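Below is one structure, written out as structure tokens; comments come after it.
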Amino acid sequence: MPQLGCLARFFNRYKDEFKFAKENNFDFMQLWYDNRGLCLHEDDKDFINTINKYNFPTIIHAVLNINEFEEHIPKLLDILNKLNHKELIIHPICENEDIDEETLNKLNLNIKYALNILKPHGINLFLENNSKLDPIFTTTDEIQKIFSQNADLEFLLDIAHIDNINHLQELINIKYPKILHIADRHFDVIHEHLPIGHGEIDFQHIFSKLLPQYNGKIILEIVNKDSDIINSKNLIKNFLNTPNK
């Protein structure tokens with residue numbers, strides 16, 4: 001059975017997010033990081049001590065612009081070591097320049113830089129595919145290029161960022177994802193993260209045909225009310241437990 005994770009929502013106190021995750025049998029929580037650093041409720045500083053106090057598994061999701069890697073990868077390494085993490089998710093964005101072949105080459109060099117720093121510490125790096133809202137590391141060709149040049153790089157597949165089911169199949173064929181981001185969406189909306197069952201994604205088909213017997217990590221990227229998260233988790237568990245047809 002895959003490990004199921006939820007978000008540590010930074011607008012809530014960490015103790016409440018920990019309680020929610022534990023009481024609802026989540027295996028871990030995802031922590032948000034960006035150019036401000038770790039993002040938790042302001043009343044929970046110092047964040048590292050707060051996280052370690054509750055001794056609950058976590059994983060960092062770092063949103064980095066392509067010009068922020070050199071500054072933030074060393075900072076992230078320090079945090080990862082203090083939390084005893086062996087995995088890091090990077091969600092690449094590009095806010096300061098046009099996205100073209102040169103931009104993709106910059107991303108490629110930054111990934112190599114990150115791998116060279118993280119791998120000696122036994123830390124696995126996962127790169128997340130983007131939606132068309134910020135279209136870098138989005139298309140099949142872009143994703144193929146990055147993985148073909150970085151053998152040690154792992155794939156986090158965000159299912160809510162796909163264009164359609166064919167796009168999803170192509171991405172799986174390039175690199176099997178060991179972590180999934182799960183949320184629903186309507187395909188005519190450029191970017192959505194809805195509770196499961198509130199959009200158009202056929203998760204039953206995905207887990208029976210495209211990712212049968214999936215056994216990686218699944219993170220529910222849903223920030224709605226608690227009941228939406230719990231209902232989404234139950235639906236995903238049902239899809240995972242439904243025999244292939």
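Under the UniProt record's numbering, think of the first position of the sequence shown as 1, with each following residue one higher. The beta carbon of each residue, even a glycine, is placed where N, CA and C say it ideally should be. The model shown is predicted, which means the values in this text are computed figures rather than measured ones.
Tell me the DSSP secondary structure of phenylalanine 155 in three-state form.
Reduced to three states, the DSSP call for phenylalanine 155 is strand.
With a threshold of 7 angstroms on Cβ separation, who are the neighbours of leucine 115 within its own chain once the five nearest residues in sequence on each side are excluded?
Leu125, Asn150, Asp152, Leu153
Check for me: the alpha helix (DSSP H) holding tyrosine 14 runs from which residue to which?
Start and end: 14-23.
Going by the CB atoms, is the gap between phenylalanine 203 and isoleucine 236 shorter than 8 angstroms?
For isoleucine 236 and phenylalanine 203, yes; Cβs fall inside 8 angstroms.
Can you give me the Cβ contacts of phenylalanine 18 inside the same chain, cut-off strictly under 7 angstroms, excluding the 5 residues immediately before and after it?
Cβ contact annotation for phenylalanine 18 (same chain, cutoff 7 angstroms, sequence separation greater than five): Tyr54, Phe56, in chain order.
Please go through the same chain and pick out, in chain order, the residues whose beta-carbon is closer than 6 angstroms to the beta-carbon of isoleucine 162, but skip the five residues on each side of it.
Leu168
For leucine 157, is the classification buried or exposed, using 16 other Cβ atoms within 10 angstroms of its Cβ as the cut-off for buried?
buried
Is the stretch 141-150 touching the stretch 68-85, taking contact as three or more C-beta pairs under 8 angstroms?
With a cut-off of 8 angstroms, the stretch 68-85 and the stretch 141-150 do not count as touching, because too few Cβ pairs lie within range.
Looking at C-alpha atoms only, which residue of Leu31, Lys22, Phe187, Phe26 is the closest neighbour of arginine 9?
Leu31
Which of helix, strand or coil does DSSP assign to lysine 217?
strand
Which one or two residues does DSSP pair with isoleucine 230 in a beta bridge?
Isoleucine 230 pairs with nothing; no bridge assigned.
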